[in-house]
Structures are given as structure tokens and as C-alpha cells.
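Undergrad: If you scroll down you'll find the structure; I have some questions about it.
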Amino acid sequence: MMNFPPPDIEEFYRYASVMGFSVSESLGFAAIISNLSGSYEVWELGLESHYPVMISHGGKTFRTVDYDPEGRYLVVAADDAGDETTQLYLLPPKGGELVPLIVHPGFRHHVLHLSEDGNRLYYASNHENPQFYNNYIRDLSQDTDTLLLEGTEVPTIIIQVSPRETAWVALKSYANTHMTAWFGNSRGLVSMVPHPMEAHVVSSAVFVSETEVWLATNYEAEHNYLARYRSEHRVLDKVLEIPGEDIVDLQYDRTRKQILCLTDCGVDQRAYRVSIEDPKPEEVTLPVTVVTQQTVTKSGTWYLAGQSETAPTNLFRLVAGKWQALTENRSVGISLSDATHAEVIRYPSFDGLEIESLWFSPTHRNGYTILWPHGGPQAIERRQFRPLFQYLAQLGYQIFSPNFRGSTGYGQRFTQMVEGDWGGGPRKDILTGLDWLAAKGWIDAGKVFVVGGSYGGYMALLLHGRHPEWFRAVVDIFGPSDLRTFAASVPETWKPIMNRFLGDPETDAQRFIEDSPITYVEHMTRPMLVVQGANDPRVVKTESDQMVSALRDRGRTVEYLVLEDEGHGFAKKDNEIRAYRAITNFLERQRQ
Numbered sequence: 399m400m401n402f403p404p405p406d407i408e409e410f411y412r413y414a415s416v417m418g419f420s421v422s423e424s425l426g427f428a429a430i431i432s433n434l435s436g437s438y439e440v441w442e443l444g445l446e447s448h449y450p451v452m453i454s455h456g457g458k459t460f461r462t463v464d465y466d467p468e469g470r471y472l473v474v475a476a477d478d479a480g481d482e483t484t485q486l487y488l489l490p491p492k493g494g495e496l497v498p499l500i501v502h503p504g505f506r507h508h509v510l511h512l513s514e515d516g517n518r519l520y521y522a523s524n525h526e527n528p529q530f531y532n533n534y535i536r537d538l539s540q541d542t543d544t545l546l547l548e549g550t551e552v553p554t555i556i557i558q559v560s561p562r563e564t565a566w567v568a569l570k571s572y573a574n575t576h577m578t579a580w581f582g583n584s585r586g587l588v589s590m591v592p593h594p595m596e597a598h599v600v601s602s603a604v605f606v607s608e609t610e611v612w613l614a615t616n617y618e619a620e621h622n623y624l625a626r627y628r629s630e631h632r633v634l635d636k637v638l639e640i641p642g643e644d645i646v647d648l649q650y651d652r653t654r655k656q657i658l659c660l661t662d663c664g665v666d667q668r669a670y671r672v673s674i675e676d677p678k679p680e681e682v683t684l685p686v687t688v689v690t691q692q693t694v695t696k697s698g699t700w701y702l703a704g705q706s707e708t709a710p711t712n713l714f715r716l717v718a719g720k721w722q723a724l725t726e727n728r729s730v731g732i733s734l735s736d737a738t739h740a741e742v743i744r745y746p747s748f749d750g751l752e753i754e755s756l757w758f759s760p761t762h763r764n765g766y767t768i769l770w771p772h773g774g775p776q777a778i779e780r781r782q783f784r785p786l787f788q789y790l791a792q793l794g795y796q797i798f799s800p801n802f803r804g805s806t807g808y809g810q811r812f813t814q815m816v817e818g819d820w821g822g823g824p825r826k827d828i829l830t831g832l833d834w835l836a837a838k839g840w841i842d843a844g845k846v847f848v849v850g851g852s853y854g855g856y857m858a859l860l861l862h863g864r865h866p867e868w869f870r871a872v873v874d875i876f877g878p879s880d881l882r883t884f885a886a887s888v889p890e891t892w893k894p895i896m897n898r899f900l901g902d903p904e905t906d907a908q909r910f911i912e913d914s915p916i917t918y919v920e921h922m923t924r925p926m927l928v929v930q931g932a933n934d935p936r937v938v939k940t941e942s943d944q945m946v947s948a949l950r951d952r953g954r955t956v957e958y959l960v961l962e963d964e965g966h967g968f969a970k971k972d973n974e975i976r977a978y979r980a981i982t983n984f985l986e987r988q989r990q
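Going by the working numbering, the first residue of the sequence shown is number 399, and it counts up by one from there.
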């Protein structure tokens, strides 16, 4: 009998994924952004053959792709080495050299809409408006731009254009929990709600006619509902509310006159069809646990990209009521029969607030637990694909990932709780969770590792500095170390929302000090690993440099891995494997 060794961390990460897609049913292809080659490139995927062919090259990191409705070109957004300053290019539909379309190095550009004849591109750019964006129409036949909407006061981006291009919906972002929708046409902009300065969110909108828009919003409510706006009356009507769920994304099926709704319900996602003539929700079973993108074509075919705990992002379409996989990406290291699935647990926090969490507990345990505070912080940990979790579970680690206050998916007030309180309530939610697990006998203090990225990296640092007694060792993946320097170095387009999101560095100066991990560096006595992308525009390298320097000045044990060609995350497969191998090797050494 042939015996094989258990899979290594590299085998868990040797998989491809789908970052984004566009469908041209007339051509019979989907264009997908995938890392099949080891970095994210554009691939042509036959809708019937399911065979991918790489059609881009050149070393850029591709972010979005859109087919010309007439099939003459693709428009792509790409940056260099993760710096997130996306430029726009044209790509021949069968592949070839990128043709620069809208390129202003150091600035950000986003594709908003392509006209139905493919001759006009709507796009947003901060080249001439660094903080607030301008919105333009590029006439592709004349190579000329028309300024359609200038952002003022806060970042302002058009999110929908009507079919005949007579109107549009623009989103003004005051904060992650305050995004207002405005109906625009040749006569100007009109708020789609009576009182736009009351904090609320519009997460999605679709035109069903030139004057009627359906949108997902929580205006004057705790959760997002489906609403209808009629411009001739300037009236917003609530149409459908699904108790306990946030309607977060809408697509319009013109052939059936249905709205396709994606909802968040804590760690779960659900999907519904809703007729605009009889708006009753009809639930549609999803083929995945997390949807990353969805669209519906002119033929009425529903396409989505999504992932699960054991499978990376794949592309699916709904045919005759059944989901058909168009890609079959998988991790060679993950055995479906041996995989560890998350249990949803809930516990009361220090003030009675219920905290929902994911708990991974493998059959064979090594006595150690990984605390994973998610990023964001206004985000959520779902049953998503994390090969790190599956590999650590194979080694016997338990994993605890709490959706602390500030997480999305639990209503507007819950998400707002982190604003101006990065280091208080969420930290106490996590500590209460650790106490709760310890009281049950599920974990042991001193046998806990904390590993986190972005805000999760910040929280890992802060927990280390304020509560070192809990932890065996700490891993920080591009986390802010000093809120004062972090607030000063974020991208220009972030700065208008930072006072609401993080706080005012002048009026909240004392709290910034109290909530900054570097304030507690004297108490950071546990071994540490810090991982940083050199080109990270969100949490710049200086944040990690100053933390590592302060630790080394005090003679502490700290390993520092800098990835020179990465930003806020890992776009290149070899870098991803290198980083997670370093993390898992570090954890294994520290538990010896």
C-alpha cells in the first residue's frame, strides 16, 4: 500500500481563484481575472468548453474587467505591485498588448459603466480631484472626456447609469455607515431620501426605467431593505424588508422583470428573486457560502463568483434552476472528507451585547488555539475560503474568530459601535470571548496565539501590549501600530471619512495615544512575527517599521518579513506561500 505524507502548507495554497469576471454571451466567453499563472491575469473562459486561455501579460495586478457589449475590446483596471493606483487599459478580446486608455500614474481610476453600444465609458478618477473624485464620460470613438459630476465635500462616485443614459445614481460617502444616494440628470442632483445627513447606507441600486430606481438601503431602519425611488415624484417607498437580514446587492433581470437580491445575515448569505410587479421574495439556494460578485446578462442568466470554507472562488451560472460550475478551482491540500468546518457560537460580551463567532475545532487537537480578529474593522468573518485555517486545523490548532462590535451583518448600530472606538469595545468583546471559552474548558491562557491582518493586525498588536498574559506569540500582518501616523498616511480618498471612522487626531489626541499599540511596547514581551507589503497604500510600511524598531530597541524577539512587490494583501502566489509558510513555521516553533 502506498503511503503519502500529509500535505504541506504549499499544497494548501497551490490553488487558483477568480477575482473578477465579465460575460459576453454573444461571443460565448467569460473574461475572468485569475491567478492560474501565479499572478492575477485576464483569462478567456469558454462558456461551453470551460477551458481558460490567458489573454493578458505584462506583470500588472488586474482588478476589474468589462466586455464591450459589441465584443470589440475589454476594458481593464490594473495597478503595479499592489499600490492600488489603478489605471485603465483596453485589451483585445482574444488577447495581446494592453493599450493605455486613461493613465495618470499615482492616481486612481474606476470603471463605472459601459454604454449599450460600447462607445462610451463612464469612469471615476481622482487625478484632478484627489480626495473626492470626478466622474467622466470618455467618448471612445473621439478619445474625448466630458466631466459629468464633480465630487465635493466627500468622495462621490456614480454607481448606476440608466439604460438610455439620461440619468444616473451617485453615491456620496461620508463614512462606511453613511453613504447617501443622489439621482442625477441634466437638471442636476436630487437626494433620494428626505434627510440625507441622517446616517444611513445605500449599498446598491438598479434602474428599471429611466425614472425608476430600486435600491438597498437602511434609511430610518436598522437593516437594509428594498426600496423604490420614482424621480418624477421624488418619493422613496419601502418595498420589501426581510427580518434580520441586510439586502446588500441588487441585479436587475430585465427579461423577467425581477430584482436579484443578495442578503447578509450574520455569517450567512442568502439570495432571492423579487418581481417588481409582485415583490415577494423567492429564495434561491446558493452554490457557495460567500458571494464575491454577481451579474445577470441580457438573456436573464444569473452568473456569480463565490467561495466556501473548502473551495476558493469559482464562477457559476444558473441554468434551468440548477447552478453549473464554469470553473473548478480547488486546493490540492484540502481533503473534503477531512476538512474542519466552522461552528457558529454566540456569547454575551462585557455589556451584554451578543457576539457571534466562528469556532474551528478539529478532531485531533494539539492544545493550542489561534485567535483571529478579522480586518476592516467594518467587515465580517464568514464561512469563507481560508486555507490557513484548514492547514492549522490539520496541525491540531483550534481557531476562534469573533465578529466583535463594528462588524457588518448585524445592523447599522452594531457596525457604528467601532467608529471612534477602535481599541475599546472590540478589544473587550474579544477578551470576554476568551474568558468565555476558558470557562468552558475549551482553551487555556498562555496557549493562545493571536494572528491578524490589517485591523486584525492592529488588534493583535494592541492585545499583545495590553494583555500579554493571554498569548504564547503574536503575528501581525500589515497592521497599524500608531493611530496618529496611520491617520496621516492613509490614501487621499480615505481622508474625508477618517474623522468618523477613526476619530479626530487633534480633538481625540489622548484616545489616539491610548488606543495605539506602540504606546504599550514596553509590555510586548512575547515573540512576534510582522509581515508587511512594501507598496501597501492603506497601512504604509512605516507602520510596521516603527513597531519592529521599537521592539528591537528593547531587545525583544521579532521577525520581520517584507514583501517588496506586494501591497495590502498577497497578489502573487509565491509571495502568498512564502508569507503563510513563515507564519505557520513561526507558530510551530513557538509551541515547542
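Every residue gets a Cβ at the ideal spot worked out from N, C-alpha and C, and that includes glycine. Every value quoted in this text rests on a predicted model; they were computed, and no experiment measured them.
#1: Let's test the definition: count the other Cβ atoms within 10 Å of the Cβ of G839 and tell me whether it reaches 16, buried, or not, exposed.
#2: Kindly confirm or deny that the region 699-713 and the region 410-423 touch, where touching means at least three C-beta pairs closer than 8 Å.
#3: Could you tell me which whole alpha helix (DSSP H) segments of length 4 or greater appear in the region 829-892?
#4: Would you mind stating whether P553 and Y521 have Cβ atoms separated by less than 8 Å?
#5: Helix or strand or just coil, what does DSSP make of F410?
#6: Please classify A662: is it buried, with 16 or more other beta-carbons within 10 angstroms of its beta-carbon, or exposed?
#7: Pull up the CB-CB distance for E408 and R987, whole angstroms please, since I reckon it's below 8 Å.
#8: Can you tell me the Cα-Cα spacing of N524 and D477, whole angstroms?
#9: Please confirm whether any heavy atom of the ligand SAH lies closer than 7 Å to the CB of Y617.
#10: Tell me which residue opens and which closes the beta strand (DSSP E) that Q776 is part of.
#11: What residue range does the beta strand (DSSP E) around N727 cover?
#12: Please state whether the Cβ-Cβ distance between Y617 and V591 is less than 8 Å.
#13: Determine the burial state of A579: buried for a count of at least 16 other Cβ atoms within 10 Å of its Cβ, exposed for fewer.
#14: At what residues does the alpha helix (DSSP H) containing V938 begin and finish?
#15: Any chance you could list the beta strand (DSSP E) runs of at least 3 consecutive residues sitting entirely within the region 894-976, in chain order?
#16: So, does the region 810-829 touch the region 742-757, judging by three or more C-beta pairs under 8 Å?
#17: Any idea if P878 is buried or exposed, counting beta-carbon neighbours within 10 angstroms, 16 or more meaning buried?
#18: Starting from N433, follow its DSSP beta bridges and name the residues at the other end.
#19: Where A837 and S942 are concerned, what is the direct C-alpha to C-alpha distance, given to the nearest angstrom?
#20: What do you reckon, are the CB atoms on Q796 and R763 nearer than 8 Å?
#21: In terms of alpha-carbon separation, which member of Q990, Y471, K655, A907 lies closest to L425?
#22: DSSP three-state call for T661: helix, strand or coil?
#23: Which term fits R784, buried or exposed, when burial requires 16 or more other beta carbons within 10 angstroms of its beta carbon?
#24: Identify, in the order they occur along the chain, each residue of the same chain with its Cβ nearer than 6 Å to the Cβ of S887, setting aside the five sequence neighbours on each side.
#25: Cα separation between H772 and L684?
#26: Within the continuous alpha helix (DSSP H) that includes L790, where are the two ends?
#27: Tell me the rounded alpha-carbon separation between T711 and N583.
#28: At which residues does the alpha helix (DSSP H) containing R811 begin and terminate?
#29: Would you kindly work out how many angstroms separate the C-alpha atoms of H502 and S432, rounded to a whole number?
#30: Taking the Cβ atom as the reference point for each residue, do H511 and V559 lie within a distance shorter than 8 Å?
#31: Could you tell me which of D651, T615, V646 sits nearest to D635, measuring between CA atoms?
#32: Measure the Cβ-Cβ separation of A718 and L648 and say whether it is below 8 Å.
#33: DSSP has R628 in a bridge; who is on the other side?
#34: Measuring alpha carbon to alpha carbon, tell me which residue in F812, D819, K845 is nearest F798.
#35: Tell me the residue span of the beta strand (DSSP E) that contains H507.
#36: Give the secondary structure of K826 by DSSP, where H, G and I count as helix, E and B as strand, and everything else as coil.
TA: Quick look at the numbers:
#1: Position 441 of the sequence shown, counted from the start, is the residue given in the question as residue 839. Exposed, by the Cβ-count rule.
#2: Segments in contact, yes.
#3: The region 829-892 is shown to contain whole alpha helix (DSSP H) runs of 4 or more residues at 853-864, 881-887, in chain order.
#4: Working through the sequence shown from its first residue, we reach residue 553 at position 155. Working through the sequence shown from its first residue, we reach residue 521 at position 123. No, they are not a contact pair.
#5: As a first step, residue 410 is located in the sequence shown; it is residue number 12 there, counting from the start. Correct three-state label for F410: helix.
#6: As a position in the sequence shown, residue 662 is number 264, starting the count at 1. Here residue 662 turns out to be Asp, not Ala, going by the sequence shown. Around the beta carbon of D662, a 10 Å sphere encloses 16 or more other beta carbons of the protein chains shown; the residue is thus reported as buried.
#7: Stepping through the sequence shown from its first residue, residue 408 is reached at position 10. Stepping through the sequence shown from its first residue, residue 987 is reached at position 589. Cβ atoms of E408 and R987 stay farther apart than 8 Å, at about 18 Å.
#8: As a working mapping, residue 524 is identified with position 126 in the sequence shown. As a working mapping, residue 477 is identified with position 79 in the sequence shown. The alpha-carbon atoms of N524 and D477 are separated by roughly 15 Å.
#9: As for the ligand SAH, it is missing from this structure, which has no ligand bound.
#10: Along the sequence shown, one-based indexing puts residue 776 at 378. Counted as a single uninterrupted DSSP element, the stretch harbouring Q776 is not any beta strand (DSSP E), since DSSP gives it neither H nor E.
#11: As a first step, residue 727 is located in the sequence shown; it is residue number 329 there, counting from the start. No beta strand (DSSP E) holds N727; DSSP gives it neither H nor E.
#12: By 1-based counting over the sequence shown, the position of residue 617 is 219. By 1-based counting over the sequence shown, the position of residue 591 is 193. It is a contact, given that the beta carbons lie within the stated cut-off.
#13: Position 181 of the sequence shown, counting from 1, holds the residue named residue 579. Result: buried.
#14: Along the sequence shown, one-based indexing puts residue 938 at 540. Premise fails: V938 is in no alpha helix (DSSP H) and is neither H nor E.
#15: With a minimum length of 3 residues, the continuous beta strand (DSSP E) runs that stay inside the region 894-976 are 926-931, 956-961.
#16: In this structure the region 810-829 lies against the region 742-757, because at least three pairs of beta carbons, one per stretch, are closer than 8 Å.
#17: Here residue 878 refers to the residue found at position 480 when the sequence shown is read from its first residue. In summary, P878 is buried, with 16 or more beta-carbon neighbours lying within 10 Å of its beta-carbon over all protein chains present.
#18: Here the question's residue 433 lines up with position 35 in the sequence shown. Answer is none; N433 lacks a bridge partner.
#19: Numbered from 1 along the sequence shown, position 439 holds the residue referred to as residue 837. Numbered from 1 along the sequence shown, position 544 holds the residue referred to as residue 942. Between A837 and S942, the C-alpha separation is close to 35 Å.
#20: For the purposes of this step, residue 796 is taken as residue 398 along the sequence shown, with counting starting at 1. For the purposes of this step, residue 763 is taken as residue 365 along the sequence shown, with counting starting at 1. Against a cut-off of 8 Å, the Cβ pair of R763 and Q796 comes out as a contact.
#21: Your numbering for residue 425 matches position 27 in the sequence shown. Comparing C-alpha distances from L425 to each of Q990, Y471, K655, A907 shows the shortest one belongs to Y471.
#22: As a first step, residue 661 must be located in the sequence shown, where it is residue number 263. If DSSP states are grouped into helix, strand and coil, T661 belongs with the strands.
#23: Within the sequence shown, residue 784 is the residue found at index 386, counting from 1. Result: buried.
#24: Stepping through the sequence shown from its first residue, residue 887 is reached at position 489. Sequence-distant partners of S887 (beyond 5 residues in either direction) whose C-beta falls short of 6 Å from its own C-beta, in its chain, are V938.
#25: Numbered from 1 along the sequence shown, position 374 holds the residue referred to as residue 772. Numbered from 1 along the sequence shown, position 286 holds the residue referred to as residue 684. Their Cα atoms are separated by approximately 24 Å.
#26: Numbered from its first residue, the sequence shown carries residue 790 at position 392. Counting along the chain, the alpha helix (DSSP H) containing L790 begins and ends at 785-792.
#27: In the sequence shown, residue 711 corresponds to position 313, counting from 1. In the sequence shown, residue 583 corresponds to position 185, counting from 1. The C-alpha of T711 lies about 38 Å from the C-alpha of N583.
#28: Mapped onto the sequence shown, residue 811 falls at position 413. For R811, the enclosing alpha helix (DSSP H) has its first and last residue at 810-814.
#29: The residue labelled residue 502 in the question sits at position 104 within the sequence shown. The residue labelled residue 432 in the question sits at position 34 within the sequence shown. Answer to the nearest angstrom: the Cα atoms are 25 Å apart.
#30: Here residue 511 corresponds to residue number 113 of the sequence shown, with the count starting at 1. Here residue 559 corresponds to residue number 161 of the sequence shown, with the count starting at 1. With a cutoff of 8 Å on beta-carbon distance, H511 and V559 are scored as near each other.
#31: Here the question's residue 635 lines up with position 237 in the sequence shown. When the alpha-carbon of D635 is set against those of D651, T615, V646, the nearest one is in T615.
#32: Your numbering for residue 718 matches position 320 in the sequence shown. Your numbering for residue 648 matches position 250 in the sequence shown. Contact: no.
#33: Taking the first residue of the sequence shown as position 1, residue 628 is located at position 230. According to DSSP, which records beta bridges pairwise, R628 is partnered with E610, V633.
#34: Taking the first residue of the sequence shown as 1, we reach residue 798 at position 400. Of the residues F812, D819, K845, the one whose Cα lies closest to the Cα of F798 is K845.
#35: In the sequence shown, residue 507 corresponds to position 109, counting from 1. Run containing H507: 507-512, per the beta strand (DSSP E) assignment.
#36: Start at 1 with the first residue of the sequence shown, and residue 826 comes out as number 428. Assignment of K826 by DSSP, reduced to helix, strand and coil, places it in the helix class.
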